[in-house]
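> Provided herewith is a single structure, encoded as structure tokens, for subsequent inquiry.
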Ligand SMILES: Cc1cc2nc3c(=O)[nH]c(=O)nc-3n(C[C@H](O)[C@H](O)[C@H](O)COP(=O)(O)O)c2cc1C
Ligand code: SF4
Ligand code: SF4
Ligand code: FES
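Chains as they are written, first to last, in the numbering used here: chain A, 1 to 243; chain B, 244 to 762.
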């Protein structure tokens, strides 16, 4: 059912918006790459055909740095900087693939899956699934724990619905609403594990300041926000085979 | 002759009845036909003795405590206005061992002055630093702070002078000075004591920071739990404006500076500097990625000095006495003094300002007097809720940024919380994860989801479920949180957990390790 969506996407998502500065030359995975100053390491890596996995970044929004799957290694820097929020510098030497990076990215993605409907993991198509494939993760080691899988679906809007069970709290919808639409109808409510996407002051989408422009739906990497027209006969959460 | 009697107005003293004690003293004096001058001062920081009453005698101040309202008639009968003997008497205050062995620079006026009396402040060295600074070039002021070796007392320990240099060098205008007064670390209260007890020293430090970096406005981001500090700061600001210390012409110079207090919303993460800036801007307190550093793009995108209360309150004495004087104290790269806050299971909880280099054992035993319960010390947490737990074997470590960091501990904001041998370290570890799950800003996944998974794994290990596998998974999770989190909350929440696992495996039902030689 996602084929239409896949066809809708044109070109490659560079992860962060293009910039127009002076050319900067750097090395990504041993290959020389030149991008305008002000570009992110993520954009440079994508330009050099060494795409870094990502979830919270997309080239229509400013970098945010929340999902932590885009970690890379940069020579001479401590730790594992996020490729999306780190700007290129002349002569930078970036590594996007290593056993250590794989270990960390896998660890992060497993945390997502520990609060994601497992029935929706196999066979799905979304940016999240793309990232799962890229990182090579299909499950998680945590067993049953606290989760948001029973949070109610909000289908009040006539055009799209919000299924919080699939939400990874990447804030792309919130930022799309602000940056693309300028409406500020969405926010993240609560703190810590309780953080959740909310429309206005925790209202239903229909009762909120949402103007149904669809910017959030387009930005959502998990189809947690998704068009209703894609579901003939109404949206139903996938059933676990056992239940 | 009018006798001066001092009763603290610090919130800790008020919480144990200082107001009632003061009222009882006023009444008793009237009944006795004695005219006294009753002054509400700041606190010395000897909290086990509050309400601590001091009487000025010919030979200096004599202390009594803890003095409740009921004790007052007896004290009058014992002639306490003349420094008479009484079971609650502690003799000359300056000679009390807890105080006599301290090196009070930042807290030089603690317990001595009326917090809101500008005359009192100036009589005790106040405004000398600002006056000297205004006669220097701003860059020279920055270099004086660099020379002092002062490092941020809010947690990260970044050199204050270097931060100021960055802000001073940023071309954009306007610039801001932001005071981090969110003081969220467990068992800490030194910021509160400064703001309630010596507000002018903070405001003087802010003006010096503004002059040095080219900022003419400051914000104090105050945690909502500090209503007394709010009232004192606002009154102090009004006084400084009225006396020409703050305003268009600071002390008659052509430097303008003013400031205001903003009250936070009760979130631990709003103490993290970028979340604090978001909150000051009226947004949700969510962490920003760095760089850009706040020194370059801070409040409203402008160059901003963000400093802790104690950092800024240490600046006036550095300008007054010179950076070299301050740097004479301390060890290694930890220069100057640190106001250490003893808390938890300790007999004498209170403020100890000491040069770096003092050991944890000296602090806990010599100053703190050991545990309040009288039982042996089992664990100590230094530097707030994200600091590692230390066991007995590490108590001889000196208080020093680098020495503690070697053991994943931290100086942090100088809080030391002591636990006796009844503490369950698995429960402490579980709590560290739970704290993170509740207080996380929710932005990044290792912290937002990882902390809850961490708590669950610890619960499983304690219940004895699949222990080896869950232990391994917990270590892997801590690695991800430490290395993939966006900020230090998620990045350091594993530290108390890993240290508890390392030093107290038995509490988790894990096999005890060989007692390793750890120091
Ligand atoms: C989770 C977290 C909480 C923090 N809480 C505080 C705080 O309550 N007060 C404070 O001064 N610094 C706090 N900090 C440190 C600040 O981010 C920042 O380093 C400090 O305000 C800089 O001032 P300083 O250099 O004078 O210490 C916190 C940091 C983190 C990561
Ligand atoms: S609804 Fe979609 S875009 Fe919004 S936070 Fe959740 S996963 Fe991200
Ligand atoms: S580590 Fe925690 S507090 Fe820090 S940015 Fe991530 S979610 Fe927010
Ligand atoms: S893509 Fe970089 S942190 Fe999400």
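We put the CB at the ideal spot given by N, CA and C, even for glycine. It should be emphasised that the depicted structure is a prediction, and the values quoted were computed from it without experimental measurement.
Between the C-alpha atoms of residue 614(B) and residue 238(A), what's the straight-line distance to the nearest angstrom?
57 Å
> Taking residue 698(B) as the reference, which of 662(B), 672(B), 709(B), 718(B) has the closest Cα?
672(B)
> What residue range does the alpha helix (DSSP H) around residue 740(B) cover?
737–746
> So which residues of chain A does residue 716(B) contact, with C-beta pairs closer than 7 Å?
Contact note: residue 716(B) reaches chain A through 141, using a C-beta cutoff of 7 Å and chain order.
> Within the continuous beta strand (DSSP E) that includes residue 503(B), where are the two ends?
501–506
> Quick check: what's the CA-CA separation for residue 557(B) versus residue 406(B)?
15 Å
> Here's the rule I'm using: 16 or more other beta-carbon atoms within 10 Å means buried, otherwise exposed. How should residue 22(A) be labelled?
exposed
> Please compile the residues from chain B whose C-beta is within a distance smaller than 8 Å of the C-beta of residue 146(A).
695, 699
> To the nearest whole angstrom, what separates the beta carbons of residue 321(B) and residue 329(B), a pair I think is in contact under 8 Å?
4 Å
> Whose Cβ in chain A lies nearer than 7 Å to the Cβ of residue 689(B)?
68, 108, 111
> What are the residues that DSSP puts in a beta bridge with residue 599(B)?
Per DSSP, none; premise fails for residue 599(B).
> Hey, which residues come within less than 6 Å of ligand 3, measuring from Cβ to any heavy atom, in chain order?
512(B), 530(B), 683(B), 684(B), 685(B), 686(B), 687(B), 690(B), 691(B), 728(B), 729(B), 730(B), 732(B), 733(B)
> Using a Cβ-Cβ cutoff of less than 8 Å, which residues in the same chain neighbour residue 467(B) once the five nearest sequence positions on both sides are dropped?
506, 507, 508, 509
> Taking Cβ-Cβ distances shorter than 9 Å, what residues in chain A pair up with residue 681(B)?
191, 192, 193, 194
> Is residue 103(A) near ligand 1, in the sense that its beta carbon is under 7 Å from a heavy atom of that ligand?
Not one heavy atom of ligand 1 is found less than 7 Å from the C-beta of residue 103(A).
> Could you tell me whether the Cβ atoms of residue 222(A) and residue 166(A) are closer together than 8 Å?
yes
> Within the same chain, show all residues whose beta-carbon is closer than 6 Å to that of residue 20(A), passing over the 5 residues directly before and after it, in chain order.
36
> On the DSSP letters alone, give me the boundaries of the alpha helix (DSSP H) that residue 562(B) sits inside.
558–564
> Around the C-beta of residue 738(B), are 16 or more other C-beta atoms found within 10 angstroms, so that it is buried, or is it exposed?
buried
> Compile a chain-ordered list of the residues in the region 511–527 of chain B whose CB is closer than 7 Å to at least one CB of chain A.
527
> Which chain A residues are close to residue 692(B), counting only those with a beta carbon under 8 Å from its beta carbon?
111, 112, 114, 115, 193
> So which residues on chain A does residue 726(B) lean against when the C-beta distance must stay under 7 Å?
At a beta-carbon threshold of 7 Å, the residues of chain A lying near residue 726(B) are 79, 80, 104, ordered along the chain.
> Can you tell me whether residue 760(B) is helix, strand or coil according to DSSP?
In this prediction, residue 760(B) scores a pLDDT of 44, lower than 50, which makes its location untrustworthy; the coordinate-derived value is nonetheless stated afterwards. In the structure shown, residue 760(B) sits in coil (DSSP, three-state: anything other than H, G, I, E or B).
> What residues in its chain sit with their C-beta under 6 Å from that of residue 522(B), if we drop five residues either side in the sequence?
513, 528
> When burial is assigned at 16 or more other CB atoms within 10 Å of the CB, is residue 102(A) buried or exposed?
Under this definition residue 102(A) is an exposed residue.
> Whole alpha helix (DSSP H) runs in the region 129–216 of chain A with 4 or more residues, listed along the chain?
172–176
> Starting from the Cα of residue 579(B), find the closest Cα among 720(B), 643(B), 544(B), 524(B) and give me that residue.
643(B)
> The region 54–68 of chain A: which residues have C-beta closer than 7 Å to a C-beta of chain B, in chain order?
65, 66, 67, 68
> For residue 98(A), I'd like the list of residues in its chain whose CB is within less than 7 Å of its CB, leaving aside the five on either flank, ordered along the chain.
73
> Could you list which residues in chain A have their beta carbon closer than 7 Å to that of residue 719(B), in chain order?
107
> Should residue 449(B) go down as buried or exposed, given a rule of 16 or more other Cβ atoms within 10 Å for buried?
Looking at its Cβ environment, which holds 16 or more other Cβ atoms inside 10 Å, residue 449(B) is buried.
> Just the C-alpha distance for residue 136(A) and residue 410(B), rounded to the nearest angstrom, thanks.
44 Å
> For residue 574(B), name the three-state secondary structure that DSSP assigns.
Looking at residue 574(B) - three-state DSSP - the assignment turns out to be strand.
> For residue 723(B), return the contacting residues in chain A, with the cut-off set at a CB-CB distance below 7 Å.
104, 107, 108
> If you draw a straight line from the C-alpha of residue 684(B) to the C-alpha of residue 170(A), how long is it?
Roughly 13 Å between the two C-alpha positions.
> What is the DSSP secondary structure of residue 325(B), reduced to helix, strand or coil?
helix
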